[in-house]
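Under the numbering used here, read the sequence shown as residues 11 to 90, first letter to last. Where a beta carbon is used, it is the ideal one built from N, C-alpha and C, also for glycine.
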Amino acid sequence: MCRIFEEVKNEGIRIGEIRGKEIGEAIGKEIGREMGKEQARLDGIRAIMSSLDLSLSQAMEVLKIPIELREKYSEKLGCK
Numbered sequence: 011m012c013r014i015f016e017e018v019k020n021e022g023i024r025i026g027e028i029r030g031k032e033i034g035e036a037i038g039k040e041i042g043r044e045m046g047k048e049q050a051r052l053d054g055i056r057a058i059m060s061s062l063d064l065s066l067s068q069a070m071e072v073l074k075i076p077i078e079l080r081e082k083y084s085e086k087l088g089c090k
């Protein structure tokens with residue numbers, strides 16, 4: 011009986027490790043995607059400001075950056 015319990019426990023641990031790795035990878039990918047989006051927005055803002063000689067506010071308006079994110083991007087660009 012003890013051996014069966016040990017086998018079941020070890021199998022549970024193995025399955026848990028696999029699921030944990032899968033979940034961790036999925037979360038990591040999602041974080042990476044969000045970081046990529048943020049960097050693309052920042053790069054776009056900089057490019058528009060430079061190319062079209064627009065203010066930060068005007069560049070964010072052109073890119074249709076959501077109003078609730080504008081302060082965050084202002085801070086990241088050192089304009090706050």
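Round the Cβ separation of residue i and residue j to the nearest angstrom and send it over; I've been treating them as touching at under 8 Å.
i	j	result
Y83	R51	7 Å
L87	L66	7 Å
Is residue i close to chain D, meaning its C-beta is less than 9 Å from at least one C-beta of that chain?
i	result
M70	Among the chains in the structure shown there is no chain D, since it carries only a single protein chain.
Which residue marks the beginning of the alpha helix (DSSP H) containing residue i, and which one marks its end?
i	result
L66	L66 to V72
G38	C12 to L62
I77	I77 to K86
* Asked: Any contact of the stretch 69-76 with the stretch 46-60, i.e. 3+ C-beta pairs under 8 Å?
  -> Output reads yes: the stretch 46-60 touches the stretch 69-76.
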